[in-house]
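Asker:
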């Protein structure tokens with residue numbers, strides 16, 4: 001079974017991103033920063049915030065779904081706010097997307113907020129709302145159930161250090177996982193956590209028997225050349241001891257975002 005986690009960066013590197021998502025042949029694809037817009041006339045829109053402008057694919061969720069017809073698609077928005085087509089404001093949703101190969105039935109799931117609540121009338125104040133999506137699926141080929149959770153952690157302009165909000169976020173993630181996971185079955189947790197190694201986030205997750213594959217396997221960079229700041233930790237993938245890791249990588253090439261894809265093969 002192959003799991004890929006990636007912050008899709010709103011599809012800014014669209015052509016290379018789409019090619020990679022097809023070619024990687026993941027069974028479960030966990031994506032952060034995905035857009036969905038119901039009435040866009042253009043393929044590209046612009047996000048504007050305090051003088052910053054970022055191009056965004058208008059409907060990245062639908063595009064990936066069309067490119068992966070063998071997968072079931074799940075979208076978990078954090079907010080609906082304005083993107084721009086020239087001067088025209090267009091309401092667009094932003095959040096998590098999970099794609100699961102149809103040969104692996106989803107037998108349980110929950111989506112919930114780990115920071116703030118859903119904002120229907122704008123992106124909301126900083127640090128903006130964040131959520132997590134947890135699924136439980138069955139692997140017919142190997143004969144086991146596995147729970148997989150992804151989270152996009154809150155972004156704080158003060159940095160990636162621990163705060164009370166990040167402690168709450170970690171506890172909320174653990175609670176969501178416990179709603180879906182059965183007993184001590186296999187568990188994988190991944191995403192763009194926006195924290196540093198040694199964060200209280202990992203203390204909370206260790207209570208579920210999880211250990212981090214990024215730091216434990218010597219990876220010191222989860223960003224690409226499109227990200228030019230320090231520190232370069234943001235993305236993580238954790239597993240329990242019941243997960244047999246066949247291969248794991250923070251993929252340096254191809255570059256499909258300002259984050260590296262995290263790729264796990266397990267059995």
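Numbering (the UniProt record's numbering), first residue to last: 1 to 267. Think of the CB as a built atom: it goes at the ideal place given N, C-alpha and C, for glycine as much as any other residue.
Within its chain, find whatever has a CB closer than 6 Å to the CB of residue 265; leave out the 5 residues flanking it on each side and keep chain order.
Answerer: Position 265 of the chain shown holds residue 265. The answer, listed in chain order, is 2, 246 and 247.
Asker: Using CA coordinates, which residue listed in 221, 103 and 240 is at the minimum distance from residue 197?
Answerer: Position 197 of the chain shown holds residue 197. When each option's Cα is compared against that of residue 197, the closest is 221.
Asker: Go to residue 209, then tell me how far its alpha helix (DSSP H) extends in each direction, as first and last residue.
Answerer: On the chain shown, position 209 is the one that residue 209 refers to. Where residue 209 is concerned, there is no enclosing alpha helix (DSSP H), given that its DSSP letter is neither H nor E.
Asker: Along the beta strand (DSSP E) that carries residue 22, what are the first and last residues, could you check?
Answerer: Here residue 22 refers to the residue found at position 22 of the chain shown. Run containing residue 22: none in the beta strand (DSSP E); it sits in the alpha helix (DSSP H), 14-23.
Asker: Please report how far the alpha carbon of residue 51 lies from the alpha carbon of residue 124, in whole angstroms.
Answerer: Counted from its first residue, the chain shown places residue 51 at position 51. Counted from its first residue, the chain shown places residue 124 at position 124. Spanning the two alpha carbons is a distance of roughly 17 Å.
Asker: So residue 5 and residue 191 are supposed to be a Cβ contact under 8 Å. How far apart are they, rounded?
Answerer: Mapped onto the chain shown, residue 5 falls at position 5. Mapped onto the chain shown, residue 191 falls at position 191. Yes, they are in contact, since the Cβ atoms of residue 5 and residue 191 sit about 6 Å apart, within 8 Å.
Asker: Secondary structure at residue 9, three-state DSSP: helix, strand or coil?
Answerer: To locate residue 9, count along the chain shown from 1; it is residue 9. If DSSP states are grouped into helix, strand and coil, residue 9 belongs with the helices.
Asker: Taking the C-alpha atoms as reference points, what is the distance between residue 54 and residue 143?
Answerer: In the chain shown, counting from the first residue as 1, residue 54 sits at position 54. In the chain shown, counting from the first residue as 1, residue 143 sits at position 143. Those two C-alpha atoms are separated by around 44 Å.
Asker: Consult DSSP for residue 157 and reduce its assignment to one of helix, strand or coil.
Answerer: Counted from its first residue, the chain shown places residue 157 at position 157. Of the three classes helix, strand and coil, the one that applies to residue 157 here is coil, per DSSP.
Asker: Where residue 92 and residue 80 are concerned, what is the direct C-alpha to C-alpha distance, given to the nearest angstrom?
Answerer: Your numbering for residue 92 matches position 92 in the chain shown. Your numbering for residue 80 matches position 80 in the chain shown. Looking at the two C-alpha atoms, the distance is approximately 5 Å.
Asker: Kindly say whether residue 97, judged by its beta-carbon, lies nearer than 8 Å to any beta-carbon of chain B.
Answerer: Looking at the structure shown, chain B is missing, and only one protein chain is on hand.
Asker: From the DSSP output, which residues share a beta bridge with residue 73?
Answerer: The count along the chain shown starts at 1 and reaches residue 73 at position 73. Answer by DSSP bridge pairing, in chain order: 99.
Asker: Flag this pair as touching only if the region 170-186 and the region 136-150 have three or more C-beta atom pairs under 8 Å; answer yes or no.
Answerer: Touching, yes.
Asker: Taking the beta carbon of residue 120 as the centre, do at least 16 other beta carbons fall within 10 Å, making it buried, or is it exposed?
Answerer: Taking the first residue of the chain shown as position 1, residue 120 is located at position 120. Under this definition residue 120 is an exposed residue.
Asker: What is the C-beta distance between residue 234 and residue 193, in whole angstroms, given that I count them as a contact (C-beta under 8 Å)?
Answerer: Locating residue 234 in the chain shown gives position 234, counting from the first residue. Locating residue 193 in the chain shown gives position 193, counting from the first residue. 7 Å between Cβ atoms; contact.
Asker: Looking only at C-alpha atoms, which of 73, 258 and 114 sits nearest to residue 164?
Answerer: Position 164 of the chain shown, counted from the first residue, corresponds to residue 164. Checked all of 73, 258 and 114; the closest Cα to residue 164 is 114.
Asker: Count the other CB atoms within 10 Å of the CB of residue 214; is the residue buried (16 or more) or exposed (fewer)?
Answerer: Locating residue 214 in the chain shown gives position 214, where the first residue counts as 1. Classification of residue 214: buried, given that the 10 Å Cβ count is 16 or more.
Asker: Report the rounded CA-to-CA distance for residue 201 versus residue 170, giving the unit in angstroms.
Answerer: Walking along the chain shown from the start, residue 201 turns up at place 201. Walking along the chain shown from the start, residue 170 turns up at place 170. Between residue 201 and residue 170, the C-alpha separation is close to 5 Å.
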